[in-house]
Each structure stands twice: as structure tokens, then as C-alpha cells.
Amino acid sequence: MTKKSDYNRLTVEGDMQTKWICGCFETVDGFFKFCPEHNEAMKHTIESQIDKLDMTRVIEEKA
Ligand SMILES: [Zn+2]
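Sequential numbering from 230 applies to the sequence shown in this note's numbering.
Below you can see the structure in the form of C-alpha cells.
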């Protein structure tokens, strides 16, 4: 048996800090969970923001 991940989230849905009516929420430990409606939109938003930050990619996408 392989060792289980050392990483454990403090919460998943337990201690919500902010919750929106659509179902998105942020937990007290800074974890965001988006509802299906906003998940794709947020992904695109985050990706475009990261591009603006000019972060260097470790793994280049292959065409
Ligand atoms: Zn939402």
C-alpha cells in the first residue's frame, strides 16, 4: 500500500467563510469551490489573470 497524501484540507464544506446563493463558496482556509454554473467561467478568469501576471509555465502545452 502506498502512503496516503500528506496534504489534508482543513475543510471541504465545513467552515464556510462566504457563500453565494448560486452555490459557490469560500472556506475559512481560503479554499474556493465553484458551482457548476461558474466553474468554467472562473477557470477562464483565473487563467487570463495568470497570463497577465506573466508567470512562466513549467509544462508547455503541446499542440
Ligand atoms: Zn456560482
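Glycine included, C-beta positions come from ideal geometry on N, C-alpha and C.
The structure presented is a predicted model; accordingly, all values stated were derived computationally and were not measured.
So, is residue i buried or exposed, given that buried needs 16 or more other C-beta atoms within 10 angstroms?
i: Thr256; result: buried
Which residue wins for smallest C-alpha separation from residue i, given the options the options?
i: Gly332; options: Lys272, Val287, Met245 and Lys281; result: The question about residue 332 has no answer here: the residues shown for the chain are numbered 230 through 292.
How far does the alpha helix (DSSP H) with residue i in it reach, from first residue to last?
i: Met245; result: No alpha helix (DSSP H) holds Met245; the beta strand (DSSP E) holding it covers Met245 to Lys248.
Contained beta strand (DSSP E) runs [length at least 3] in the region 246-287, N- to C-terminal order: Qualifying beta strand (DSSP E) stretches, in chain order: 254-256.
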